[in-house]
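S.K.:
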Amino acid sequence: MFQAFLIKYGEIGVKGKNRYVFENALISRIKEVLADAEGMFRIIREQGRIYVEAEGAFDYDETVAALKRVFGVVSICPVVLLEDQGFEALSEAVLSYVKEVYGDRSMTFKVLTRRVNKEFPMESMEVSAELGGRILDHFPNMSVDVHHPEVILHIELRHNIGIYSEVIPGPGGMPLGTNGRSMLLLSGGIDSPVAGYMVAKRGVYIDAVYFHAPPYTSERAKQKVVDLAKLVSRYTGPIRLHVINFTDIQMYIYEKCPHDELTIIMRRYMMRIAQKLAEDTGCLALVTGESIGQVASQTVQSLAATNDVCAMPVFRPLIAFDKEDIVTIAKKIDTYETSILPYEDCCTTFVAKHPVTKPKVEAIRRSELLLEEKIGEMMEQAFATEEIVEIGK
792 MFQAFLIKYG
802 EIGVKGKNRY
812 VFENALISRI
822 KEVLADAEGM
832 FRIIREQGRI
842 YVEAEGAFDY
852 DETVAALKRV
862 FGVVSICPVV
872 LLEDQGFEAL
882 SEAVLSYVKE
892 VYGDRSMTFK
902 VLTRRVNKEF
912 PMESMEVSAE
922 LGGRILDHFP
932 NMSVDVHHPE
942 VILHIELRHN
952 IGIYSEVIPG
962 PGGMPLGTNG
972 RSMLLLSGGI
982 DSPVAGYMVA
992 KRGVYIDAVY
1002 FHAPPYTSER
1012 AKQKVVDLAK
1022 LVSRYTGPIR
1032 LHVINFTDIQ
1042 MYIYEKCPHD
1052 ELTIIMRRYM
1062 MRIAQKLAED
1072 TGCLALVTGE
1082 SIGQVASQTV
1092 QSLAATNDVC
1102 AMPVFRPLIA
1112 FDKEDIVTIA
1122 KKIDTYETSI
1132 LPYEDCCTTF
1142 VAKHPVTKPK
1152 VEAIRRSELL
1162 LEEKIGEMME
1172 QAFATEEIVE
1182 IGK
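Read in the numbering used here, the sequence shown has 865 at position 74, and its numbers run on one by one without any break.
(1) Hey, Leu858 and Gly994: beta-carbon distance below 8 Å or not?
(2) Looking at Ala999 and His945, is the spacing between their C-beta atoms short of 8 Å?
(3) Does DSSP classify Pro984 as helix, strand or coil?
(4) Can you grab the Cα-Cα spacing for the pair Leu1192 / Glu814, in whole Å?
(5) Report the rounded CA-to-CA distance for Gly1084 versus Leu1109, giving the unit in angstroms.
(6) Taking the alpha carbon of Glu1128 as the point to measure from, which residue in Val985, Glu1168, Gly963 has its own alpha carbon closest?
(7) Out of curiosity, what's the CA-to-CA distance linking Ser1088 and Cys1101?
(8) Taking the beta strand (DSSP E) that Lys1151 falls in, what are its first and last residues?
(9) Quick one: measure Cβ to Cβ for Ser919 and Thr904, integer angstroms, because I've assumed they're closer than 8 Å.
(10) Counting only the same chain and skipping the five closest in sequence on each side, list residues whose C-beta sits under 7 Å from that of Gly801.
(11) Leaving out five residues before and five after Asn1150 in sequence, what residues of the same chain have Cβ atoms less than 7 Å from its Cβ?
(12) Taking 6 Å as the limit between beta carbons, can you name the residues of its chain near Arg1107, skipping five residues before and five after?
(13) Quick one: complete alpha helix (DSSP H) runs, 4+ long, within the segment 1052–1091?
(14) Around the C-beta of Lys1165, are 16 or more other C-beta atoms found within 10 angstroms, so that it is buried, or is it exposed?
(15) Would you mind sorting His1003 into buried or exposed? The rule is 16 or more other CB atoms within 10 Å of its CB.
(16) Please report the residue range of the alpha helix (DSSP H) in which Phe878 lies.
(17) Can you give the Cα-Cα distance for Ile867 and Lys1047, rounded to whole angstroms?
(18) Just the Cα atoms here: how many angstroms apart are Asp982 and Asp1116?
(19) Contact defined as beta carbons within less than 8 Å: I believe Leu977 pairs with Leu1077. What is the distance between those atoms, to the nearest angstrom?
(20) Where do the ends of the alpha helix (DSSP H) carrying Ala857 lie?
(21) Exposed or buried, which one is Pro869 when buried takes at least 16 other CB atoms within 10 Å?
(22) For the beta strand (DSSP E) containing Ser866, list its first residue and its last residue.
(23) What first and last residue would you give for the alpha helix (DSSP H) that runs through His929?
(24) Along the alpha helix (DSSP H) that carries Ile1040, what are the first and last residues, could you check?
(25) Under three-state DSSP, which class holds Glu1209?
(26) State the DSSP-derived secondary structure class of Ala1185, mapped to helix, strand or coil.
(27) Could you name the residues of the same chain whose beta carbon sits closer than 7 Å to that of Glu1159, not counting the 5 residues immediately before and after it, in chain order?
(28) Taking Met974 as part of the beta strand (DSSP E), name the residues at either end of that continuous run.
(29) Once DSSP output is grouped into helix, strand and coil, what is the label at Val907?
(30) Could you check whether Gly877 and Val902 sit closer than 8 Å to each other, using their CB atoms as the reference points?
(31) Label Gly1073 either buried or exposed according to how many other C-beta atoms from any shown protein chain fall within 10 Å of its C-beta, with 16 as the threshold for buried.
(32) Under three-state DSSP, which class holds Phe832?
(33) From what residue to what residue does the alpha helix (DSSP H) around Ile803 run?
(34) Bridge partners for Leu1094 per DSSP, in chain order?
(35) May I ask you to report which of helix, strand or coil DSSP gives Val1023?
(36) Leaving aside the five residues before and after Leu1068 along the sequence, list all residues of the same chain whose C-beta is less than 7 Å from its C-beta, in chain order.
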């Protein structure tokens, strides 16, 4: 029955004279996700409305699933579009719609008309009342409830006429590409894929860096991160994953520095490397999955010590989330089951037995002086042996 979808957006509608920039970005992303869906589609933009119309046969469920991954989309409404041929033609179309979608179901309903086309000869309230009456005449099991209806039948009187009643929630947010690009520190855990998703939801393109530590972390651990990047890329678009060999740096820190400071110092070098990659690739910020107090390296003092080496902004979208909040989103975006696969990453392999929870930046800096002889050379080698994996292209 349905050959088109009305795409509703939220924040874009208040962007004033720049709204077209956000609409263009939204339309571009819709075209990208539908390129892999079965069927051919055309996008129609009309006075604050975006329609996706199928040209011929298409897979309904696949199309809806694709549209639900487009940031900026608040809701997806399967809609019947018809030419304006007067009220009687509209009435017949509405009765046919109700019969096909709801049959003889007992339910309460309300007709809500929006009359954008002021040349239509009837007022909005008049259209709603007349259509409601005809529905009651043809479907005796249905009744009107204007305050709390089970179904709201929407009639949009525009250049064409739209009829819809189902509203499928979209992800919301802002269209990809409207807020620059950032570098995500992606591990194999639950948190960082969710952090990448959340920042991308605000219109930010994502690149990612993964710190690999063979033989202490296996190729399966690396593949797990690649698989997580693929899952996240369904929402964020293509991701360039930078794989950095971190083994020598980790072992050097392990040999030279106090063991209770290992995690913080390793984290500081990860941030240094991530920042250099970000600068080289046009990223404007770093993104991490840290949450206050979740582990020793994420106390406020530890986060301050980590930030000490960063000159660019560090986005931590999960900073005040409980673990259960994060897990809920991970399950929603289908990364959870992959994240809990038992393959250790480099952060968990070298955890100290009694890590410092309230590190002092000055003490950490003094400990890092012990690394001066070789750390620069090791970092250059890490960049020289970088592997780049193109995800989602």
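Beta carbons: idealized from backbone N, C-alpha and C, even for Gly.
M.R.: In terms of the structure at hand:
(1) no
(2) no
(3) helix
(4) Residue 1192 lies beyond the stretch modelled for the chain, which goes from 792 to 1184, so this question has no answer here.
(5) 12 Å
(6) Val985
(7) 16 Å
(8) Premise fails: Lys1151 is in no beta strand (DSSP E) and is neither H nor E.
(9) 5 Å
(10) Val865, Gly963
(11) Position check: residue 1150 holds Pro in this sequence, whereas Asn was assumed. Excluding residues within five positions, the ones whose Cβ falls inside 7 Å are Glu1052, Ile1055, Gln1092, Ser1093, Ala1096.
(12) Thr1079, Glu1081
(13) 1053–1072
(14) exposed
(15) buried
(16) 878–893
(17) 57 Å
(18) 10 Å
(19) Their Cβ separation, rounded to whole angstroms, is 11 Å, which puts Leu977 and Leu1077 out of contact at 8 Å.
(20) 851–858
(21) buried
(22) 864–874
(23) 915–929
(24) 1038–1047
(25) With the chain represented from 792 up to 1184, any question about residue 1209 goes unanswered, as that position is not in the structure.
(26) Absent from the structure is residue 1185, since the part of the chain shown begins at 792 and ends at 1184.
(27) Ile1056
(28) 972–976
(29) coil
(30) no
(31) exposed
(32) strand
(33) Segment: none, Ile803 is in no alpha helix (DSSP H) and carries neither H nor E.
(34) Looking at the DSSP assignment, Leu1094 forms no beta bridge with any residue, so it has no partner.
(35) helix
(36) Met974, Val1000, His1033
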